[in-house]
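Take a look at the structure below.
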Amino acid sequence: MQEEAQESKGRILWLDNDASWLTPYVEKLEMAGYEVTTVNRVSQAEEKLCEFTYDLLILDVMIPTKNTEEEKKYPASKTDSGYDTGLVFYRLMKSKLDASGTSVLVLTTRLDKKIADDFTEALLPAGCFSTRLELKDVGVFLAKVEQIMPL
Numbered sequence: 000m001q002e003e004a005q006e007s008k009g010r011i012l013w014l015d016n017d018a019s020w021l022t023p024y025v026e027k028l029e030m031a032g033y034e035v036t037t038v039n040r041v042s043q044a045e046e047k048l049c050e051f052t053y054d055l056l057i058l059d060v061m062i063p064t065k066n067t068e069e070e071k072k073y074p075a076s077k078t079d080s081g082y083d084t085g086l087v088f089y090r091l092m093k094s095k096l097d098a099s100g101t102s103v104l105v106l107t108t109r110l111d112k113k114i115a116d117d118f119t120e121a122l123l124p125a126g127c128f129s130t131r132l133e134l135k136d137v138g139v140f141l142a143k144v145e146q147i148m149p150l
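Quick note on numbering that gives the first Met the number 0: the sequence shown kicks off at 0 and runs consecutively.
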């Protein structure tokens, strides 16, 4: 008997510089039928978003820039809320994300209301911002992804 290939529930691009944190979450998403691509630099995420259409972008707030081109476009200016590379990336890519129908889930380790407020001001939809502490349980994380993903 031949095994049928499972149809993908959706494509996810995950931009996060902390690969050690991602593994159990990526495995859970893939087991649930999602296609997951991980990148650790903003320039890689830009390339992927130009090359493919994704249903969901999972975005870390604090992403160190790795080269002078990234540093020019995403200045890692330290503020009270930390590095704002993720916010700058979101603002620059928002129209492309909206046009392609890509939902966004923003994750951070920082429990800082200002970060959430900054993303809200940048028109991130309500419920699309979470701390890693809120989503530390892999099952809760998967439920959050399924809540945000477009149908």
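Here a beta-carbon is modelled for each residue, glycine too, at the ideal position from N, C-alpha and C. This one's a predicted model, so the numbers in the text were calculated from it and none came from an experiment.
Between F118 and V41, the C-beta spacing is not below 7 angstroms.
With a cut-off of 8 angstroms on Cβ pairs, the stretch 106-126 is not in contact with the stretch 42-49, counting fewer than three such pairs. Rounded to whole angstroms, the separation of the alpha carbons of T22 and G85 is 20 angstroms.
Relative to K135, the option among R10, N39, W20 and I11 whose CA is nearest is W20.
Nearest in C-alpha terms to A31, of all of L56, S7, L58 and F128, is S7.
For I114, the uninterrupted alpha helix (DSSP H) segment begins and ends at K112 to E120. Rounded to the nearest angstrom, the gap between the Cα atoms of V105 and D97 is 15 angstroms. When the Cα atoms are used, C127 and K112 turn out to be separated by approximately 14 angstroms. For T36, the enclosing beta strand (DSSP E) begins and ends at Y33 to V38.
For L141, the enclosing alpha helix (DSSP H) begins and ends at V137 to I147.
At a Cβ-Cβ threshold of 7 angstroms, S102 and L141 do not count as neighbours. Here V144 is buried. Its C-beta has 16 or more other C-beta atoms within 10 Å. Using a 10 angstroms sphere on the CB of L122, the tally of other CB atoms stays under 16, which defines it as exposed. Looking from the CA of F51, the closest CA among M148, P124 and I11 belongs to I11.
For V35, the number of other beta carbons within 10 angstroms of its own is at least 16, and it is reported as buried.
For L14, there is no enclosing alpha helix (DSSP H); the residue is part of the beta strand (DSSP E) that begins and ends at G9 to L14.
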